[in-house]
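> Mind having a look at this structure? Questions to follow.
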Amino acid sequence: MTVDQAVKKFKLEPLNVYTAKAKAKELNVEEVLYMNVQKNKYAYIVKDGARGYVLYQDEKSIYSKMYKGLKMTPLEP
Numbered sequence: 001m002t003v004d005q006a007v008k009k010f011k012l013e014p015l016n017v018y019t020a021k022a023k024a025k026e027l028n029v030e031e032v033l034y035m036n037v038q039k040n041k042y043a044y045i046v047k048d049g050a051r052g053y054v055l056y057q058d059e060k061s062i063y064s065k066m067y068k069g070l071k072m073t074p075l076e077p
């Protein structure tokens, strides 16, 4: 999957500079390019040095408020 395909599939939006820096620090990555948060589903496209472009997906359980598990999918530029 390419970055453009992931942006269309998950309806990701670009971030402003301040939010991108804060999220990058929170996720411990080089740069956060796109993000979409809907109720309990999270999706980010990040750029990390050695790994390149990666799609991060996670979901929060409605009942326990715990995260179900981070999925990291490598993307082509």
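So for the sequence shown, our numbering puts the first residue at 1; every next one is plus one. Using N, Cα and C, we set each Cβ at its ideal position, and we do this for glycine too.
#1: For my contact list, Asp58 and Lys68 are in at a C-beta cut-off of 8 Å; report their separation, rounded to the angstrom.
#2: I'd like to confirm the pairing. Which residues does DSSP put opposite Val37 in its beta bridges?
#3: Which residues bound the alpha helix (DSSP H) around Lys60?
#4: Check whether the Cβ atoms of Val54 and Met35 sit closer than 7 Å, and answer yes or no.
#5: Look up Asp48 in the DSSP assignment and give the residues it is bridged to.
#6: Rounded to the nearest angstrom, what separates Ala20 and Gly49 at their Cα positions?
#7: Span of the beta strand (DSSP E) holding Leu75?
A quick look at the data gives this:
#1: Numbered from its first residue, the sequence shown carries residue 58 at position 58. Numbered from its first residue, the sequence shown carries residue 68 at position 68. Right, the Cβ-Cβ distance comes to about 7 Å (below 8 Å), so this counts as a contact.
#2: Taking the sequence shown and counting its residues from 1, the one referred to as residue 37 is at position 37. Paired residue(s): Tyr42.
#3: Counted from its first residue, the sequence shown places residue 60 at position 60. No alpha helix (DSSP H) contains Lys60, which DSSP labels as neither H nor E.
#4: Taking the sequence shown and counting its residues from 1, the one referred to as residue 54 is at position 54. Taking the sequence shown and counting its residues from 1, the one referred to as residue 35 is at position 35. No. Outside cutoff.
#5: Start at 1 with the first residue of the sequence shown, and residue 48 comes out as number 48. DSSP, once it has assigned bridges, lists Gly52 as partnering Asp48.
#6: Locating residue 20 in the sequence shown gives position 20, where the first residue counts as 1. Locating residue 49 in the sequence shown gives position 49, where the first residue counts as 1. Approximately 16 Å, taken between the alpha carbons.
#7: Start at 1 with the first residue of the sequence shown, and residue 75 comes out as number 75. Going by DSSP, Leu75 is part of the beta strand (DSSP E) stretching over Lys71 to Leu75.
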